[in-house]
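Report on one structure; see the data block that follows.
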Amino acid sequence: MGDSTVDGCFIRAEFNLFEELATRAVGWELDFCQFSHANAPFFIEQIAGSSVMISRAVLPARFYQQGAVAPGYRTVSLLASGSGPQSWRWCGESVTPHSLLVMPLGGDFESVSSAGLDTLHLTLPIRLLSDVAESHFGQPLHRLMPDERGFCANGGAPLFRLRHLLQKYAPGQGGTQRALNPPLAPPVEREMAYMVLACLYASHTREPVVPRGKRWKVLDRALREIAAAQGNSISVAQLASVTGASRRTLENAFRDVLGVSPATYIKALKLHRLNRALLNGDASVTGVAELGRFHGFRHLGQLAADYRDAFGELPSATLHRQPE
């Protein structure tokens, strides 16, 4: 499904399952938890020039996302559209069409998004950014682009020019390969680097403001406990006990930040892990029942229904799916 040129230069494809998209994406380490059923295919588009990578992704389901970028590079991200109803919270900040996000150096990030999120990402080598910072702005790179997470609330005119240029090379699902002409040449890559730094130079760039209230602390502790549990079952009552919070506080913490209840999050994470295991499994060696039990599912009939609600197919269909 879709079309792709797998030569390290161009990928443009659609997938029924997000995990299939994640295995094809270049330059990212991603860990996503899907909260809702996708009502359309997942879409990925990536083009690499001599030193930069442009990525565009459309996620037609709600997600909680964690990830990191490749060492030696910096990545900035923005909404692909200058308008629209998309909801995207990145490291505690509400992302708007005016926002430019700076992924941290050697660190990670997290976000929560609504269904239909359409984003653009530009990955540039640090050496190119450093050269542009010195030659065009007379400053070392670290004064323009923080090593930690950076949130630029209003990138101004340079941001909109950057979006327009990126869309020429990554036009999205409605575009065609004709957008690849002219090629992504070094002068264009340098222009992109310049516009990124122009956004940061003209606007106040700061670390994201992550709330430090009780609910956020409770959520952080709960997420660590759920991650540590791996395939073992953990109940909402157990989470409330280990976090020292009331069940009501725990419920509010999850709904305020992730938009789902603790029970929904736990089930979504278990389904996500099972989805990965099924895609990587061998139907001649293992079955759905065995993998389901390993990931904490005891009632296989309910598992089949929940899995189909989340991923649009039965677990057995995923297990027998052939790699692209």
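Per the numbering used here, the sequence shown starts with residue 121, numbered consecutively. Yeah, the Cβ is synthetic: ideal placement off N, Cα and C, and Gly gets one too.
Three-state secondary structure (DSSP) at Cys319? helix
Distance between Leu221 and Gly275 (C-alpha atoms, nearest Å): 10 Å
Distance check for Ala357 and Arg367, CA to CA, integer angstroms please. 7 Å
When we look at the beta-carbon of Gly270 and count the other beta-carbons within 10 Å, is it buried (16 or more) or exposed? For Gly270, the number of other beta carbons within 10 angstroms of its own is at least 16, and it is reported as buried.
Can you list, in chain order, the residues of its chain with a C-beta nearer than 7 Å to that of Ala299? Leave out the 5 residues immediately preceding and following it. Unreliable placement is indicated for Ala299, whose pLDDT of 49 sits below 50; the coordinate value is still reported in the next sentence. The answer, listed in chain order, is Lys288, Tyr289 and Pro291.
Given a cut-off of 9 Å, decide if Glu230 and Tyr184 are closer than it, judged by their beta-carbon atoms. Their beta carbons are under 9 Å apart, which means Tyr184 touches Glu230 by this criterion.
Go through its chain and collect everything with a Cβ distance to Asn159's Cβ below 6 Å, but skip five positions before and after it. Pro180
Could you check if Lys390 is buried or exposed, using at least 16 other CB atoms within 10 Å of its CB as the buried criterion? buried
How about the stretch 142–154 and the stretch 404–411: do they share at least three Cβ pairs that are nearer than 8 Å? no
Of the residues Thr243, Asn400, Ser214 and Ser255, which one's Cα is nearest the Cα of Arg441? Asn400
Considering just the uninterrupted stretch of the alpha helix (DSSP H) at Glu345, what are its terminal residues? Lys334 to Ala349
So, is Ala409 buried or exposed, given that buried needs 16 or more other C-beta atoms within 10 angstroms? exposed
Under 9 Å, do Gln154 and Ile131 count as touching if we go by C-beta distance? Taking 9 Å as the Cβ cut-off, Gln154 and Ile131 do not qualify as a contacting pair.
Residues bridged to Cys211 (per DSSP): Its beta-bridge partners do not exist; DSSP assigns none.
For the alpha helix (DSSP H) holding Phe257, just list the boundary residues, first then last. Segment Ile246 to Phe257, the alpha helix (DSSP H) holding Phe257.
Count the other C-beta atoms from every protein chain shown that fall within 10 angstroms of the C-beta of Arg263, then say buried if there are 16 or more, exposed otherwise. exposed
Exposed or buried, which one is Pro205 when buried takes at least 16 other CB atoms within 10 Å? exposed
What number of angstroms, rounded off, separates the C-alpha of Asp267 from the C-alpha of Leu225? 5 Å
Please confirm whether Ile164 and Leu304 have their CB atoms less than 9 Å apart. no
Opposing strand residues paired with Gln154 [DSSP bridges]: Phe183
Range covered by the beta strand (DSSP E) that runs through Ser436: Counting along the chain, Ser436 falls outside any beta strand (DSSP E), though it belongs to the alpha helix (DSSP H) covering Pro435 to Leu439.
Between Ala318 and the rest of its own chain, which residues show a CB-CB distance below 6 Å, the 5 nearest in sequence each way excluded? Pro278
Name the DSSP bridge partner or partners of Asp267? Per DSSP, none; premise fails for Asp267.
Outcome for Leu261 when other beta-carbon atoms lying within 10 angstroms are tallied against a minimum of 16: By the 16-neighbour rule on beta-carbons within 10 angstroms, Leu261 is buried.
Of the listed residues Tyr193, Ala188 and Ala177, nearest to Ser171 (C-alpha basis): Tyr193
Helix, strand or coil: which one does DSSP assign to Ile386? Ile386 falls in the helix class under three-state DSSP.
Using only the alpha-carbon positions, how far apart do Leu411 and Phe280 sit? 47 Å
Pairwise C-alpha distance: Gly421 and Pro191: 44 Å
Option nearest Phe152 by Cα separation, candidates Ala388, Ala425, Asp426 and Tyr427: Ala388
Taking Ala168 as part of the beta strand (DSSP E), name the residues at either end of that continuous run. Counting along the chain, the beta strand (DSSP E) containing Ala168 begins and ends at Phe162 to Ala168.
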